[in-house]
Amino acid sequence: MREYKLVVLGSGGVGKSALTVQFVQGIFVEKYDPTIEDSYRKSTFNDLQDLREQILRVKDTEDVPMILVGNKCDLEDERVVGKEQGQNLARQWNNCAFLESSAKSKINVNEIFYDLVRQINRKTPIEKKKAKKSNCTLL
């Protein structure tokens with residue numbers, strides 16, 4: 002079975018751990034326990050462009066499997082970033098995939114990770130996996 006290494010990035014409290022736990026274990030963790038938020042500067046939607054540019058620079062390619070996720074779509078009345086803003090940013094990023102999700106309501110959780118795996122498989126077919134090179138993919 003092929004193993005995938007993914008990186009989930011975002012500001013503190015956006016639901017990175019909740020999405021991951023929901024996908025892997027099928028449960029929603031209600032309690033918020035910041036994982037590494039205190040160690041890093043808080044990012045906002047506006048900082049995403051800088052983050053993406055750093056990723057592309059480090060990977061030295063524009064062709065990095067990536068998906069932009071707007072989490073907590075079930076909290077419509079608390080929304081800060083509109084769906085259209087996310088879609089527009091994804092289009093600017095070479096038509097990057099974009100999905101809105103909710104770890105709590107199980108909306109698009111599996112789809113996020115499955116889409117990313119499909120992107121990886123298109124970029125690096127299984128026969129290339131034999132090279133003992135570690136690949137890291139960003140979410």
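Here the working numbering is used: position 129 in the sequence shown is 130, and no number is missing along the way.
Glycine included, every Cβ here is placed at the ideal spot set by N, Cα and C.
Counterpart residues of I68 in DSSP-defined beta bridges: A98
C-alpha gap between V9 and C137, whole angstroms: 11 Å
Cβ contact (3+ pairs, closer than 8 Å) linking the stretch 66 to 74 and the stretch 110 to 118: yes
Separation of Q93 from E85, as counted between CA atoms: 12 Å
Proximity of L49 and L20 at Cβ, strictly below 9 Å: no
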